[in-house]
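In order, the protein sequence lines correspond to chains B and U.
The opening residue of the first sequence carries number 0 in numbering that gives the first Met the number 0; numbering runs sequentially from there.
The opening residue of the second sequence carries number 0 in numbering that gives the first Met the number 0; numbering runs sequentially from there.
Note that beta-carbon positions come from the ideal geometry of N, C-alpha and C, so glycine has one too.
Keep in mind the model is a prediction, meaning the values are calculated, not measured.
Okay, structure first, notes after.
Number of protein chains: 2
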Amino acid sequence: MIYRIDMNEGKYYTDIRVENKLVGGRYMVDWLTTRYMSPTAHPLSAESVFVVAPGILAGTAAPCSGRLSVGGKSPMTNGIKEANAGGTAAHKLGRLGVRALMFTGSSAEYKVLKVCREGLTLEPAGGIEMMTNYDAVAELQRRHGEHVSIILAGPAGVMKMINSGVSVTDTKGRPCRVAARGGMGAVMAAKGLKAIVVDDTGSSMRKGAREKEFAEACKAAVKLIKEDPVSQIISRFTTNGSIVSENERGGLPTFNHRAGTFGEKAMGLSPNVIMEHVKTRGSVTGHGCMPGCVLRCSTILNDEKGGYLTSGYEFETAAACGSNLGIGDLDMLLRIDRACDELGIDTMEFGATVGILNDVGLFEFGDADKVMSYLEEVRQNTPMGRIIGSGCANAAKVLGISRVPAVKGQALPYHAARPLKGYGTTYATSTQGADHTAGSVEMDMDFNLDPKGKVDICRAAQINMAFFDSAGMCMFATFINGPDKFVGLFNAMLDENWTGGDLLETGKEVLRMERAFNDKSGVGPDRLPDWLCSEPLPPTNAVFDVPPEELDQFYNF
Amino acid sequence: MIYRIDMNEGKYYTDIRVENKLVGGRYMVDWLTTRYMSPTAHPLSAESVFVVAPGILAGTAAPCSGRLSVGGKSPMTNGIKEANAGGTAAHKLGRLGVRALMFTGSSAEYKVLKVCREGLTLEPAGGIEMMTNYDAVAELQRRHGEHVSIILAGPAGVMKMINSGVSVTDTKGRPCRVAARGGMGAVMAAKGLKAIVVDDTGSSMRKGAREKEFAEACKAAVKLIKEDPVSQIISRFTTNGSIVSENERGGLPTFNHRAGTFGEKAMGLSPNVIMEHVKTRGSVTGHGCMPGCVLRCSTILNDEKGGYLTSGYEFETAAACGSNLGIGDLDMLLRIDRACDELGIDTMEFGATVGILNDVGLFEFGDADKVMSYLEEVRQNTPMGRIIGSGCANAAKVLGISRVPAVKGQALPYHAARPLKGYGTTYATSTQGADHTAGSVEMDMDFNLDPKGKVDICRAAQINMAFFDSAGMCMFATFINGPDKFVGLFNAMLDENWTGGDLLETGKEVLRMERAFNDKSGVGPDRLPDWLCSEPLPPTNAVFDVPPEELDQFYNF
């Protein structure tokens, strides 16, 4: 069922039908956004939509299939946006038969939507609007029970800051999984929607249309994922293993993208330190960010006294707020991560934003206290806090900074674009702005500085991911094993006889829809900022030199 | 001669040749910007260009032909930008044989460029960088004499605020004529260029190639302009006459575009009050904004004690900071105008920016003291000052405001787009962002609310203006009498036998070049913001309803 919730009226409708069974997750976001919103409407206006959509396999036993897509139009890129996160909500929504929740209009008073077997209920937010996320979740759990899943806009979203994500509670009920990018927290809050509480009591797991075959396909998929060498590495070392590998190969943005390695200091952020914390503080690795995960790359990290500090602390945060800001101390990073999660802001964008402040004398690399004080300014909604909360590209405009690490208004992720030209190509061409998850390539150490062929591998990766984002499946579980390997899951579940190629056609359709929306809304060109093409990044001294003419071939499919 | 000044080296070159004699002013800005700058380079980086170009007829006796174009890539619209102003500099440059000054690179220390008969000299700015404009000009006049013309970036430009213009001294040596739009002050300052001092000592007026014929053509042009009924009205009532006419017909943006009339309060800003000041304070009307002007719509306005207060106070300022902010007191407006001129910021953009602050409780309509305090924040470079200095669209992003009166990042001018659908069409389709001078239509009272045919009249007006912006001729002198009437001037001056149609082809070429640049740099779509199409503007209750499909036909020429 697709629910259309009119926030002006406070009523919901179930009149939308989508025949195509593969419309879920990202595809669902696109399908609804392109049909129910003008590409030129302001993302924070009542004329925008906000979509929440679990993937095609949500609520089933398929491994790594519980990612939740949220989206609409991004106030950051001005284009279409799908951001996704782990957590427990997607599977619960799947079990409740919810294919999507689409919010239109805007409620003058903040509401909480309760979704359960009996239907949907809009309730007053009742004072939690500006609470930090952990407190807000605790209050919602008090009201609705600890078993519920919660999807919420944090204080940054409620303050309509463009760098605000949508947070989702994890298996421990903590709001540490964030659909972070592109400002969907502000879009959610602009609907007058503070939170969605999902209670799947009384529901049961979705079974395959061809039940036994589906169960077999799930088993096969588990085996496939577990045996994949890259997923094994991620599983063992957490995503923070990339700190070490990127540092080694010169692909770790450091000091506001002025170096590609943090040298020995990067070791302060390496998985080894996390492993130490496991021994000395009771921190946990091998945790799954969502139920049904067999990769389990997530962590739960404690403070010096063994008390809980944060979860969902990933490589991108470590690089954005660590090496990029010249900070090599894990404890500092964990505090920054927690503070960002409390506000509900994107750590990648935040790190980029503080990084550029160095260009105008407002930040010294290594000054973690200053980072925390900027987060406090965000919390207090000061003018400087708002500038930072508006993200890297906007802060640059306000502060007169010309060396801007962003594409289409969204900050570069932290696999460095200059040596890693496949990533660079993804950042340049993605409909989503600079986004590493849109087409992850060069994850293994087998990379080269040759620009040749990068557009082709990037195109394949983006098409692949566009499909798996629609399936609700994890990037790490799927980016090496493509649709051919997983097609059995979809066929058994949905009683079809697709080939892997059919699934890839869906990926292409997703990208085409997004591109068409962006053409009308007016986003920036498919280019990296010029300075990445001329300023060498030590130690490789690479520049991004995939030719513009080749980038222009990206959408030829 | 075209001078290419490399600000990295501090040297200049004269290697650029342009055969086409009609390349001047706006056309020259486009010609140089499209050839010497990547459309994706950052406007405030060393890779951008900053162009200063007098019009084709600069330095001649042709009436109303002394407007100065400045341009490059706009940090506000992200597209190509030409902004022009009156003042005395263009004619002096023309007499010195300067067709253009193009600045590349960036000097680490601020420089002043002296242009005189002997050539070009770069000198240290010597402490004037952050002086307010009147003081900086006084110091430059002390150094170089009172007879020079000065083109300068004000403190806002030096602070790299996106809402900064380039100021030009008028016939009294005051920096009150501003090429205001699109942030060219920041672009100029980003080159390390504080000011250009033009000394035409020893030069003489340019004569026509067919001298006598040109003198006759000048006489005919003077007659034509003087007899034009619209120019007579503007001449008599100043541009502030539009306060009364727009107020009457519901086309005067009031209270942040929530009404189209300011009612009786508009009368506090009417030309009658200015006429009173002429009698009681020694204020002056019938002043020309540039030498050779026969329209003379400019004013010199004194304070209560008869002391000089400001010049170049126009309708757009009166509406932006007056009716739009709920302020109906001329003395307040004059102080705001002067303060904006001192900083070198665009009053149109500034008024729009303060206007939207009302949406988030940061401004009460009518509070002129608050307006002045925001200007003081700009001057002091506080975070809030920077937000305001970044212009309406950026401030909206930072502050989470969704009802944004801007197109392609540039604030709407103050002939209301909803009832005045020809203007609205210009705002939507111009390469320059929302810009009334790009295609002025509906200046007389003969208008209607019918959207039909507006694209056609707007296209004609924009093509016409693109040519006259290249000629350096005033909008008011040319927008009714098109190229057919003035072609004799160009033929006699340049020894050609063009038709008016040939000149219009130049206008088309200008628009095509600009459009091509914008397609690559990535500006917003040719659309007004959605809310202008749905929110009726009292008292006409008009919405902007020129169909999108018709707007898409604009560039079919």
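Item, Value
"Report the residue from Ala88(U), Arg180(U) and Gly172(U) whose alpha carbon sits nearest the alpha carbon of Gly164(U).", "Arg180(U)"
"Under a CB-based cut-off of 8 Å, is Asp330(U) close to chain B?", "no"
"Chain U partners of Thr39(B), CB-CB under 8 Å?", "Pro524, Arg526, Pro528 and Asp529"
"Using a cut-off of 7 Å between C-beta atoms, extract the partners of Glu46(U) located in chain B.", "Asp529"
"Determine the direct distance from the alpha carbon of Met512(B) to that of Glu376(B), and round the result to whole angstroms.", "38 Å"
"Is it the case that the Cβ atoms of Ala185(B) and Ile150(B) are separated by a distance below 8 Å?", "no"
"Just the C-alpha distance for Pro123(U) and Met130(U), rounded to the nearest angstrom, thanks.", "15 Å"
"Using a Cβ-Cβ cut-off of 8 Å, state whether Leu398(U) counts as contacting chain B.", "yes"
"Decide if Gly287(U) is buried, meaning its Cβ has at least 16 other Cβ atoms within 10 Å, or exposed.", "buried"
"Would you mind telling me which residues of chain B sit closer than 7 Å to Ile161(U), beta carbon to beta carbon, in chain order?", "Lys396"
"Please confirm whether Lys420(B) has its beta-carbon closer than 8 Å to some beta-carbon of chain U.", "no"
"Using 10 angstroms around the beta-carbon of Ser372(B), count the other beta-carbons present and answer buried if the total reaches 16, otherwise exposed.", "exposed"
"According to DSSP, is Thr120(B) part of a helix, a strand, or is it coil?", "strand"
"Take every Cβ of the segment 222–241 of chain B, pair it with every Cβ of the segment 520–536 of chain B, and state whether three or more of those distances are shorter than 8 Å.", "no"
"Taking C-beta pairs closer than 8 Å, name the residues in chain U that Ser230(B) reaches, listed in chain order.", "Simply none; closest approach about 37 Å."
"Shorter than 8 Å from the beta carbon of Met183(B) to some beta carbon of chain U?", "no"
"Quick one: what's got a C-beta closer than 7 Å to Lys159(B)'s C-beta in the same chain, skipping five residues either side?", "Leu43, Ala185, Ala188 and Ala189"
"Can you list, in chain order, the residues of its chain whose CB lies under 7 Å from that of Asp336(B), leaving out five sequence neighbours each side?", "Thr309, Tyr312, Thr316 and Thr346"
"Given that Ser389(U) touches chain B, what residues does it touch there, using C-beta distances under 7 Å?", "Lys396 and Val397"
"Thinking just about the alpha-carbon of each residue, which of Leu192(U), Lys113(U), Asn132(U) and Met472(U) is nearest to the one in Ala84(U)?", "Met472(U)"
"State buried or exposed for Ala107(U), treating a residue as buried only when at least 16 other CB atoms are found within 10 Å of its CB.", "exposed"
"For my contact list, Leu67(U) and Val51(U) are in at a C-beta cut-off of 8 Å; report their separation, rounded to the angstrom.", "7 Å"
"Between the alpha carbons of Phe261(U) and Ala338(U), how many angstroms are there, rounded?", "24 Å"
"Measure from the alpha carbon of Gly521(B) to the alpha carbon of each residue in Val157(B), Gln431(B), Ile233(B) and Tyr307(B), then state which is nearest.", "Gln431(B)"
"Where does Met383(U) land, buried or exposed, given buried means 16+ other C-beta within 10 angstroms?", "buried"
"Three or more C-beta pairs under 8 Å: does that hold for the segment 458–473 of chain U against the segment 424–443 of chain U?", "yes"
"For Gly207(U) and Gly182(B), I'd like the C-alpha separation in whole angstroms.", "60 Å"
"Using a Cβ cut-off of 9 Å, pull out every chain B residue sitting near Ala189(U), in sequence order please.", "Gly399 and Ser401"
"Closest to Ile416(U) by CA distance: which of His256(U), Cys63(U) and Leu324(U) is it?", "In the sequence as displayed, the identity of residue 416(U) is Ala instead of Ile. Looking at the Cα atoms, His256(U) is the closest of the given residues."
"Using CA coordinates, which residue listed in Pro62(B), Ser73(B) and Tyr12(B) is at the minimum distance from Gln409(B)?", "Ser73(B)"
"Ser73(U) touches chain B at which residues, Cβ-Cβ below 9 Å?", "In chain order: nothing, as chain B lies at least about 11 Å away."
"Pull out every residue of the segment 139–160 of chain U whose Cβ sits closer than 7 Å to any Cβ of chain B, in chain order.", "Met158, Lys159 and Met160"
"Just to confirm the assignment, what range does the beta strand (DSSP E) spanning Lys110(B) have?", "Lys110 to Cys115"
"Return helix, strand or coil for Leu294(U), following the three-state DSSP convention.", "coil"
"Cβ closer than 9 Å: which chain U residues qualify as neighbours of Asn393(B)?", "Ser389, Asn393, Lys396 and Val397"
"Checking the sheet assignment: what are the DSSP bridge partners for Pro53(U)?", "Leu67(U)"
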